[in-house]
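Residue 236, in full-length UniProt numbering, is where the sequence shown stops; the numbers in between run on with no holes.
Beta carbons: idealized from backbone N, C-alpha and C, even for Gly.
Model, not experiment: these values are computed from the prediction.
Okay, so here's the structure we're looking at.
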Amino acid sequence: MMILHYLKSAVRSLMKYKVQTTASMVGLALGFVCFALSAVWVRYEQTFDSFHRGADRMYLLGSSSAWENQTNLKHRFPLAEELKETFPEVEDAAAYWYWEIPVKLSEDAAEDVNLGCVRADSLFVRMFDVRLVRGSWSFLNVPEEVALTEEGARRLFGTTDVLGRAIYYAGNTYRISAVLTGWGQHTNFPFSIMFGMDQTEKNKSSYPDYYISLRLRSEADTAALMAQMNNSSLKY
């Protein structure tokens, strides 16, 4: 009986103060909606690149200097191998160039198609488990060749049957020699096209234009490793 009495009192109060009740209910509903949207957004942000093997042990290398109040994410290409050789906690390391580039299907095409582009070597392919769908890995060593992801091939040509076709970029012609698996868009580096890198470029020690991803060993102490890196004599 007491519960019924409380319910009747609550209903009378709600009916008596209709404006306040409506405002409270609307505010509560909006609060729940905002909370749900925030939770979805946080989840979306936290799962970027989570599909990679050992994603919970992977890091994008950053560095800062005493006179710059910002983090630098680009480094010398040789630094990736130097880090792996210096610190046994590093299981894999890969340096790569990433940018969005304008591609044409013919030299005189009026419009460009912008594609996410990676320039890398076999270490990148191994670390990120890039798979060959068709063709060969020759593009990694032949400057005139290029690879497209399945998504990139469909976007440019409407099909993945693109081996032997040509694309044009920066005044040069490139023959498609491979089709690769892609990463989709839920990644910090959504690439659709990949070029290899020659040894001359990889040996440049004063050209900080490359991202470096690290995968640590499962037993690695991340905080201790960061301290060691900060105190090392390596040039970042």
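- Inter-residue distance for residue 224 and residue 120 is about 29 Å (C-alpha atoms, whole angstroms).
- For residue 192, same chain residues with a beta-carbon under 8 Å away, outside a window of 5 residues either side, are 115, 116, 117, 148, 149, 151, 152, 155 and 182 in chain order.
- Annotation note: the stretch 51 to 112 contains the following uninterrupted beta strand (DSSP E) runs of length 3 or greater, listed N- to C-terminal: 58 to 60, 63 to 65, 68 to 72 and 90 to 103.
- The C-alpha of residue 217 lies about 39 Å from the C-alpha of residue 159.
- In the structure shown, the three-state DSSP call for residue 114 is strand.
- When the five nearest sequence neighbours on each side are left out, the beta carbons in the same chain lying within less than 8 Å of the beta carbon of residue 136 are those of 177 and 178, in order along the chain.
- DSSP places residue 135 inside the beta strand (DSSP E), whose first and last residues are 132 to 135.
- Residue 210 is not a Cβ neighbour of residue 93, given a cutoff of 9 Å.
- Rounded to whole angstroms, the gap between the alpha carbons of residue 85 and residue 71 is 24 Å.
- In the DSSP assignment, residue 225 falls outside any beta strand (DSSP E) and within the unbroken alpha helix (DSSP H) covering 222 to 231.
- Between residue 76 and residue 215, the C-beta spacing is not below 9 Å.
- Looking at the backbone, the Cα of residue 234 and that of residue 69 are separated by about 21 Å.
- Around the beta carbon of residue 30, fewer than 16 other beta carbons sit within 10 angstroms, so the residue counts as exposed.
- Look at the stretch 124 to 200 and you find these whole runs of beta strand (DSSP E), each 3 residues long or longer: 132 to 135, 145 to 149, 166 to 169, 172 to 180 and 193 to 195.
- Going by beta carbons, residue 146 and residue 139 fall inside the 9 Å limit.
- Note on geometry: alpha-carbon atoms of residue 166 and residue 174 lie some 5 Å from one another.
- Taking C-beta atoms under 8 Å as the contact rule, residue 212 and residue 80 qualify, at a distance of about 5 Å.
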